[in-house]
Amino acid sequence: MRRRMGIVPVILLISAALVGCSGPAPGGGPQNTPRGDVIKLDGVQIREYKGEKLGSVDDFRENSIKGPQQVDKETYRLRVMGLVNAPRDYTYSQITSGHAAYEKVVQLDCVEGWSVKVLWQGILVSDLIKEVGAKGSANTVIFRAADGYSTSLPLSYIEDNAILIAYRMNGVTLPAERGFPLQLVAEDKWGYKWAKWITEIELSDDPAYRGYWESRGYSSSGDRNKSSRGD
Ligand SMILES: Nc1nc2c(c(=O)[nH]1)N[C@H]1C(S)=C(S)[C@@H](COP(=O)(O)O)O[C@H]1N2
Ligand SMILES: [Mo]
-3 MRRRMGIVPV ILLISAALVG CSGPAPGGGP QNTPRGDVIK LDGVQIREYK
47 GEKLGSVDDF RENSIKGPQQ VDKETYRLRV MGLVNAPRDY TYSQITSGHA
97 AYEKVVQLDC VEGWSVKVLW QGILVSDLIK EVGAKGSANT VIFRAADGYS
147 TSLPLSYIED NAILIAYRMN GVTLPAERGF PLQLVAEDKW GYKWAKWITE
197 IELSDDPAYR GYWESRGYSS SGDRNKSSRG D
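Residue numbers are given in our numbering: position 98 of the sequence shown equals residue 94, and the series is strictly consecutive.
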């Protein structure tokens, strides 16, 4: 399951899209994309998985509300709190080394009309929730991020679909542009549910909570087989 890369002394410089932020659609500003910016990776990406071709780290468009966040691995903490028995702060290595690792090929679809499918590697959000012990009244999981972004999903969706919080994609550590240290792999949901740079997971009893794009008119369910507007 787990792919250990060790320390790879090669730094791959890959060109990436540099995109203006805060457009009118989730991640949807004008794409003036002056290519030529680079994303540094700590290894060579896996580009095929069980016979299926994968997209690349630099196929995603960087159009986050405040641009890429630089999170310090040493001081980083992931707080899991809210309606739980024992709130906890996790260090980066407690997340990446202290839990069972899983991997899945999942496609992210942004409402702007672009999609990328890659291999995500990480841990189950529900494993963290088990550790802190959700109270019976908890039914909603709110994700907050280093840039002030937030989004939420039903607790049942997180548990029933073995939803991952990823620290690697295509076998390399998530770069800052892709949400280092952690991005939610919200499969079957529009891209705006895929919180990057996650710093806090709150267990809540408020299914009506609306995150950044949800409070700006985007669907709270965020199902990618439905319109991204409404509900
Ligand atoms: N913290 C944070 N997470 C975020 C966003 C953001 O602005 N801030 N944008 C979302 C949107 S709209 C999309 S489509 C995906 C895109 O991921 P990418 O920027 O890696 O392409 O991130 C999502 N996660
Ligand atoms: Mo998006």
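Every residue, glycine too, gets a C-beta built ideally from N, C-alpha and C. Quick caveat, the model's predicted, so the values are computed rather than measured.
The stretch 178 to 189 and the stretch 86 to 104 touch, with three or more beta-carbon pairs separated by less than 8 angstroms. A heavy atom of ligand 2 is found nearer than 7 angstroms to the CB of residue 188. A direct Cα-to-Cα measurement between residue 89 and residue 211 gives close to 34 angstroms. The criterion of a C-beta distance shorter than 8 angstroms is satisfied by residue 39 and residue 167. Around the beta-carbon of residue 147, 16 or more other beta-carbon atoms lie within 10 Å, marking it buried. Buried is the label assigned to residue 59, since at least 16 other Cβ atoms lie within 10 Å of its Cβ. A residue is called buried once 16 or more other Cβ atoms fall within 10 Å of its Cβ, and residue 66, having fewer, is exposed.
Placement of the Cβ of residue 23 at a distance of less than 7 angstroms from at least one heavy atom of ligand 2 is found.
When DSSP reads this structure, residue 78 sits in a beta bridge with 199. Closest in alpha carbon position to residue 196, among 141, 108 and 128, is 141. In the DSSP assignment, no residue is bridged to residue 43. In the three-state reduction of the DSSP assignment, residue 85 falls in the strand class.
The beta carbon of residue 192 sits closer than 7 angstroms to at least one heavy atom of ligand 1.
Counting only the Cα atoms, residue 97 lies some 28 angstroms from residue 34. One thing to note: residue 80 has its Cβ within 8 angstroms of the Cβ of residue 129.
Within the model, the alpha-carbon separation for residue 72 versus residue 177 is close to 8 angstroms. A straight-line Cα-Cα distance of about 6 angstroms links residue 115 and residue 100. Cβ atoms of residue 216 and residue 206 come within 8 angstroms of each other, at about 6 angstroms. If you check the CB distance, residue 226 and residue 186 do not come in under 8 angstroms.
Note that the C-beta distance between residue 155 and residue 23 is not below 8 angstroms.
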